[in-house]
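Engineer: Same order as they appear, the protein sequences are chains A, B and C. Numbered by my numbering, the letters in the first sequence go through residues 1 to 465 in order. Numbered by my numbering, the letters in the second sequence go through residues 466 to 774 in order. Numbered by my numbering, the letters in the third sequence go through residues 775 to 1028 in order. Ideal Cβ placement from N, Cα and C applies to all residues, glycine included. Here it is: the structure, laid out below.
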Amino acid sequence: MDTLLGAIERVVGEKNILRGEDVRARSADWITREPCLALALVRPVSVGQLSQVMALCYEADQPVVTHGGLTGLVRGAVAASNDLVISLERMTEIESVDPVGGTLTVQAGAPLQVVQEAAEQIGMQFALDLGARGSCTIGGNIATNAGGIRVIRYGMMRDQVLGLEVVLADGSVVSSMNNMLKNNAGYDLKHMFIGSEGTLGIVTRAVLKLQPQQSASQTALVACDSFENLIGLLQHMRQTLGGELGAFEVMWRSYYALLTEESGRHNPPLDTSSPFYVLIESLGNDQAETAQRFEQAITSAFEKELLSDAVIASSDAQRDRLWAIREDIEGLSELIAPRFVFDISLSIVDMNTYVNALEVSVRDIWPDAKVVVFGHLGDGNLHVSISTGEVNEEMRIIIEDLVYKPLQAIGGSISAEHGIGIKKKNHLNISRNPGEIALMMKLKEVMDPKGLLNRGKVLPDKTNL
Amino acid sequence: MSILLIAEHDNNKLNPVTLSAVTAARQIGGEITMLVAGSSCQSVANDAVKVMGLSKVLLADSAVYEKGLAESLSALIVELAADYSHIIAAASSTIKDAMPRVAALLDVGQLTEIVGVESEDTFKRPIYAGNAIATVHSHDAVKVITVRASAFDKVEAEGGNASIDVVNVVFDMGVSRFVSEALLKSDRPELAVANTVISGGRGMGSAESFNLLEKVADKLGAAVGASRAAVDAGFVSNDLQVGQTGKIVAPELYIAVGISGAIQHLAGMKESKVIVAINKDEEAPIFQVADYGLVGDLFEILPELEAKL
Amino acid sequence: MKIIVSVKRVIDYNVKVRVKTDNSDVDLTNVKMSLNPFCEIAVEEAIRLKEAGVASEIVVVSIGPNAVQEQLRTAMALGADRAIHIETEMQPEPLNVAKLLTKIVEAEEPGLVILGKQSIDSDNNQVGQMLAALTGWPQGTFASEVKIEDGKALVTREVDGGLRTLSLTLPAVVTTDLRLNEPRYAKLPDIMKAKRKPMEVKTPADLNVHLKKHISQLKVETPPQRQVGIKVDSVDALIDKLKNEAKIILRKLG
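Below, the structure written as structure tokens:
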């Protein structure tokens, strides 16, 4: 072992390999905050170094776990004591920005927010956005095919990536740094790696697609008194705002009331008596036009009684305060710790029935349990937190059944945007059919025959097939 | 040219920001007269005469001026203004309160918080919260100016030899009255407004080792902060968190100890004037924003720093 | 008691300002404009005084081109009763603003005028004090608490090193600091109602005020960038650099 680490140290230099307490001081799971157990953490500064490190690991049959910003929710970055962690934290450079082609080339360790700000510098925007923007990295966004709050307008990470560079299990480098919007020359290999959660290769660089900046934004928080109206409101906003609808984020009362009145973390802009609250945002180009269209859209929704009350942010300071309620995941974690977290997809029309039934089934077993729901309604994506006051393995199995089983019947997905990691791998068959899973396994076998990359993640254990 | 410079003081001692205003005044040029208006403030005038570069000190000593109420102080300054081409003072809260009144009563504009002197009538001042610097030119016969003290060096407080003239005019406007004040204890200022902040991160290792940080903070009169990692690890409570999801601070001096420098932490402190980073990992991103970096073991550095301050 | 609140339309605080390449000014083309944050707090304070039964009417005033009517509507949606727009081409200097407001104050005879302590564009921090000087009224600047009792305004002010409370004879001028309150949001029904609230338009000529040029802006530059930092090798070297290069006073003040 020491010979392997010694050889790696010769590649990356003494300061770029951490051992012992320096590794223990880190945590790969921000919810449990458990220490990182890996035997060492290596942080290469270039694709060349990483390629050499992987070649050494391949030769020594050394399993590796890749670390980005560590904001995941499915334990995809957890490492065992005989794993080696590859952290991309020293590969954070924005290599080039092309305002004409609308592309940005970046190393995988760069935080999302750094990329967003670099795009803003040239009057463009990088359209992926999520609450963890300050910590999560582009590599992690790619590996998990991240979603977030702008999917309704711009799609997921997959839609923002033009090209990739990947280091494979044996250390070989596949560069597919395409910067063309159109390129149908054979298989588009990048899509194999996007969303593969580090199990097929390690993403080192990417060419990202930029969008024109939408400098005019308008934001409202509205209250809805029924789910039917909520659906009606979504349709109404899509129609009246056209392409300008930039976010439609729903908070069930359970979430909104908890984060405002019940905890005092935020002043409630609207009273907490309605069943649904929606943060609606439009993104346009012209300040006056966008503002006028938005106000008209909200006003006509009010006149049609699709919404019962609304506040419109009169400044970006107010906009930020409204978003702070929706994005206060730290607060949610604190208020209902410990909790089970789920990220599910289902058809919008099924959501209300599903959530109501879930609440009933959970409370049948734990009458005081809290079921807290919010999500990206327009994307058919809900985030469900369940807290019974404690967390144990037996309980986890029961609650996962309560959440996932009904999804199978209605064709939902156990992971909308968080990925599979360790947490959901043995439920993969709920959302993927045996043919799909078999092909995934074949692919893994070809790409990583020794099973070194993020082993034990994404794909179900063989015993569970 | 002749300049009237208003002294900042607490009726006991001259506040050093006044010495920075003197530098600005000397860059404008001409004779400088310093006005000490207060109550039982002879000792301030005695300090003032020693300040380098003054030709005269005016002492207006009356109970009316004890708290520097804007209505009375501005009336006094306007009364004296006729003899001067410039009226200037460091932008303290007393001066920010009173000086625009002086300008209005003289029917001239005010130049707020200048950071540079280009000539006797042209100055540089920050606008848009310091995101742009404007060069501005005054057309008025009398220039009323407040000075951002941190932008100018201080003149020597000793060595001058000005004379004291007593001013006996008293303006009591009678419309405002001092009721009470609550001055913050200087030993541990509030994080958001502190002039110096020292923050600890994951590298502190434990709640106990924050004591090391607190001892240095006590020496500096600094507030103690923390990174989110330190809060998450349970070392300190989350009201100490500096960063995007915590408090945004912009002190004169920010010392980051054992903090790697995640972007959400940087968002909370990068506007600080001087940033010091102490970390054993020389590759930590915090060094990229630090003015002064010290690579080493914080458990050795902090006690040494405390001893040497 | 009637309260007048003066508000300013400024670049939104979130917008990163860019200096124009010809250094004539900052580039305000198609950037988001909002109510100045301190003015928003001023409006909120007036509304709270009205809700508490202290004030009977809130008149909101803004000076500038037609676009400022948007901010006046916002203030009325928040709770102001009527608006006065003083139409000017450019953004007048603080002294001119104070003179225009003095005329409004003379005509309206309010018991209290509340303004933001400064606007986040020009950062002048002058208008409230100048208005108080021109009207001869007492002032409570940088307020973090305002109470009206027995015909007096009890204003707690944020001053260097702490808080100071003054008692002001009414009528008086108050300027707001950040911690005075957290402004409310404009509710949709109120936004709709605000469209029907009265808005009076006046010109400086109507008010018999001549806008005089006191200060010209010659150029605008980007501030010097932070210099690349250096590593020091000892605590002594660090203390030396802080004292002698950064000129930081390494001791407790006061």
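Give a yes or no on whether 7 Å exceeds the smallest Cβ distance from residue 860 of chain C to chain B.
Structural biologist: In the third sequence, the residue the question calls residue 860 of chain C occupies position 86. Not an interface residue.
Engineer: So what's residue 646 of chain B in DSSP terms, helix, strand or just coil?
Structural biologist: The count along the second sequence starts at 1 and reaches residue 646 of chain B at position 181. Looking at residue 646 of chain B - three-state DSSP - the assignment turns out to be strand.
Engineer: Within the segment 14-52 of chain A, note down every full alpha helix (DSSP H) run reaching 4 residues or more, in order along the chain.
Structural biologist: You should have 21-24.
Engineer: Taking only the alpha-carbon atoms, compute the straight-line gap between residue 425 of chain A and residue 457 of chain A and give it to the nearest angstrom.
Structural biologist: Residue mapping note: residue 425 of chain A aligns to position 425 of the first sequence, counting from 1. Residue mapping note: residue 457 of chain A aligns to position 457 of the first sequence, counting from 1. Straight-line Cα distance between these residues: approximately 7 Å.
Engineer: Answer yes or no: do residue 743 of chain B and residue 763 of chain B have a C-beta to C-beta separation smaller than 7 Å?
Structural biologist: Locating residue 743 of chain B in the second sequence gives position 278, where the first residue counts as 1. Locating residue 763 of chain B in the second sequence gives position 298, where the first residue counts as 1. Yes. Within cutoff.
Engineer: For residue 786 of chain C, return the contacting residues in chain A, with the cut-off set at a CB-CB distance below 7 Å.
Structural biologist: Looking up residue 786 of chain C in the third sequence gives position 12. Within 7 Å Cβ-Cβ: 315, 316.
Engineer: Give, in chain order, every unbroken run of the alpha helix (DSSP H) that is at least 4 residues long and sits entirely within the segment 395-446 of chain A.
Structural biologist: Runs found: 428-431.
Engineer: Put residue 155 of chain A into one of helix, strand or coil per three-state DSSP.
Structural biologist: Numbered from its first residue, the first sequence carries residue 155 of chain A at position 155. Looking at residue 155 of chain A - three-state DSSP - the assignment turns out to be coil, as it is neither helix nor strand.
Engineer: What would DSSP say about residue 990 of chain C, mapped onto helix, strand or coil?
Structural biologist: As a position in the third sequence, residue 990 of chain C is number 216, starting the count at 1. Residue state, collapsed to three classes: strand.
Engineer: Note down, in chain order, all residues in the segment 702-722 of chain B with a beta-carbon under 9 Å from any beta-carbon belonging to chain A.
Structural biologist: Here the close residues are 703, 708, 709, 710.
Engineer: Which residues in the same chain have their Cβ closer than 7 Å to the Cβ of residue 534 of chain B, if we skip the five residues on either side of it in sequence?
Structural biologist: Working through the second sequence from its first residue, we reach residue 534 of chain B at position 69. Correct list, in chain order: 641, 643.
Engineer: Under 8 Å by Cβ, that's how I've got residue 485 of chain B and residue 614 of chain B pegged, so tell me the actual separation to the nearest angstrom.
Structural biologist: Counting from one through the second sequence, the residue named residue 485 of chain B turns up at place 20. Counting from one through the second sequence, the residue named residue 614 of chain B turns up at place 149. Indeed, because the Cβ distance is near 4 Å, the residues count as touching under 8 Å.
Engineer: Find the nearest neighbour of residue 862 of chain C within the set C:853, C:976, C:895, judged by alpha-carbon distance.
Structural biologist: For this step, residue 862 of chain C is matched to residue 88 along the third sequence. Nearest C-alpha to residue 862 of chain C: C:976.
Engineer: Does residue 753 of chain B have its Cβ less than 7 Å from a Cβ in chain A?
Structural biologist: Residue 753 of chain B sits at position 288 when you count from the first residue of the second sequence. No - not a single Cβ of chain A is within 7 Å of the one on residue 753 of chain B.
Engineer: Between residue 584 of chain B and residue 483 of chain B, what straight-line distance do the alpha-carbon atoms span, to the nearest angstrom?
Structural biologist: For this step, residue 584 of chain B is matched to residue 119 along the second sequence. For this step, residue 483 of chain B is matched to residue 18 along the second sequence. Approximately 20 Å, taken between the alpha carbons.
Engineer: For a minimum of 3 consecutive residues, which ranges assigned as the beta strand (DSSP E) are wholly contained in the segment 643-720 of chain B?
Structural biologist: Entirely contained in the segment 643-720 of chain B, the beta strand (DSSP E) runs reaching 3 residues are, in chain order, 661-665, 688-691.
Engineer: Kindly list, in the order they appear in chain B, the residues whose Cβ is closer than 7 Å to that of residue 113 of chain A.
Structural biologist: Residue mapping note: residue 113 of chain A aligns to position 113 of the first sequence, counting from 1. Result: 728.
Engineer: Could you spell out the range, first to last residue, of the alpha helix (DSSP H) harbouring residue 323 of chain A?
Structural biologist: By one-based count along the first sequence, residue 323 of chain A stands at place 323. It spans 316-326 - the alpha helix (DSSP H) in which residue 323 of chain A sits, taken as one unbroken run.
Engineer: Leaving out five residues before and five after residue 495 of chain B in sequence, what residues of the same chain have Cβ atoms less than 6 Å from its Cβ?
Structural biologist: In the second sequence, the residue the question calls residue 495 of chain B occupies position 30. Counting only Cβ-Cβ distances below 6 Å, and skipping sequence neighbours, we find 466, 467, 468.
Engineer: Would you mind working out which of C:937, C:972, C:904 sits nearest residue 946 of chain C, comparing C-alpha positions?
Structural biologist: Residue mapping note: residue 946 of chain C aligns to position 172 of the third sequence, counting from 1. The shortest Cα separation from residue 946 of chain C among C:937, C:972, C:904 belongs to C:904.
Engineer: Taking the alpha carbon of residue 115 of chain A as the point to measure from, which residue in A:101, A:176, A:133, A:60 has its own alpha carbon closest?
Structural biologist: For the purposes of this step, residue 115 of chain A is taken as residue 115 along the first sequence, with counting starting at 1. When each option's Cα is compared against that of residue 115 of chain A, the closest is A:133.
Engineer: Could you confirm whether any beta carbon from chain A is found closer than 7 Å to the beta carbon of residue 765 of chain B?
Structural biologist: Within the second sequence, the letter at position 300 stands for residue 765 of chain B. Closer than 7 Å: no.
Engineer: Could you work out which residue in A:383, A:405, A:127 is closest to residue 210 of chain A when comparing CA atoms only?
Structural biologist: Along the first sequence, one-based indexing puts residue 210 of chain A at 210. Residue A:127 is the option with its Cα nearest to residue 210 of chain A.
Engineer: Of all the options A:258, A:378, A:77, which has the alpha carbon lying nearest to the alpha carbon of residue 453 of chain A?
Structural biologist: Looking up residue 453 of chain A in the first sequence gives position 453. Among A:258, A:378, A:77, the Cα nearest to that of residue 453 of chain A is on A:77.
Engineer: Between the segment 587-608 of chain B and chain C, which residues of the former have CB atoms less than 9 Å from a CB of the latter, in chain order?
Structural biologist: Cβ contacts with chain C: 587, 589, 590, 591, 592, 593, 594, 595, 596, 597, 598, 599, 600, 601, 602, 603, 604, 605.
Engineer: Please name the residue or residues paired with residue 453 of chain A in a DSSP beta bridge.
Structural biologist: Taking the first residue of the first sequence as 1, we reach residue 453 of chain A at position 453. Per DSSP, A:64.
Engineer: Please tell me whether residue 566 of chain B has its Cβ less than 7 Å away from any Cβ of chain C.
Structural biologist: For the purposes of this step, residue 566 of chain B is taken as residue 101 along the second sequence, with counting starting at 1. Yes, its Cβ sits closer than 7 Å to a Cβ of chain C.
Engineer: Any beta-carbon of chain A closer than 7 Å to the one on residue 673 of chain B?
Structural biologist: In the second sequence, the residue the question calls residue 673 of chain B occupies position 208. No, residue 673 of chain B lies away from the interface with chain A (no Cβ there is under 7 Å from its Cβ).
Engineer: For the segment 934-975 of chain C, which segments carrying the beta strand (DSSP E) assignment without a break, of at least 3 residues, lie completely within its bounds, in sequence order?
Structural biologist: With a minimum length of 3 residues, the continuous beta strand (DSSP E) runs that stay inside the segment 934-975 of chain C are 936-943, 946-950.
Engineer: Rounded to a whole number of angstroms, what is the C-alpha to C-alpha distance between residue 290 of chain A and residue 984 of chain C?
Structural biologist: Walking along the first sequence from the start, residue 290 of chain A turns up at place 290. Walking along the third sequence from the start, residue 984 of chain C turns up at place 210. Their backbone Cα atoms lie some 37 Å apart in a straight line.
Engineer: What are the residues in the segment 5-25 of chain A lying within 9 Å of chain B by C-beta distance?
Structural biologist: Correct list: 15, 16, 18, 21, 22, 25.
Engineer: Identify, in the order they occur along the chain, each residue of the same chain with its Cβ nearer than 6 Å to the Cβ of residue 175 of chain A, setting aside the five sequence neighbours on each side.
Structural biologist: Residue numbering aside, residue 175 of chain A sits at position 175 when the first sequence is read from its first letter. These residues qualify, in order along the chain: 165.
Engineer: Compute the Euclidean distance between the alpha carbons of residue 320 of chain A and residue 147 of chain A, then round it to the nearest angstrom.
Structural biologist: The sequence position of residue 320 of chain A within the first sequence is 320, counting from 1. The sequence position of residue 147 of chain A within the first sequence is 147, counting from 1. About 20 Å.
Engineer: List the residues that DSSP assigns as beta-bridge partners of residue 57 of chain A.
Structural biologist: Residue mapping note: residue 57 of chain A aligns to position 57 of the first sequence, counting from 1. Bridge partners of residue 57 of chain A: none, in fact.
Engineer: Would the segment 826-835 of chain C count as touching the segment 519-536 of chain B if we require 3 or more Cβ pairs under 8 Å?
Structural biologist: Because the criterion of three Cβ pairs below 8 Å is not met, the segment 826-835 of chain C and the segment 519-536 of chain B do not touch.
Engineer: How would you write the range of the alpha helix (DSSP H) that residue 752 of chain B sits in, first residue to last?
Structural biologist: Counting from one through the second sequence, the residue named residue 752 of chain B turns up at place 287. It spans 751-754 - the alpha helix (DSSP H) in which residue 752 of chain B sits, taken as one unbroken run.
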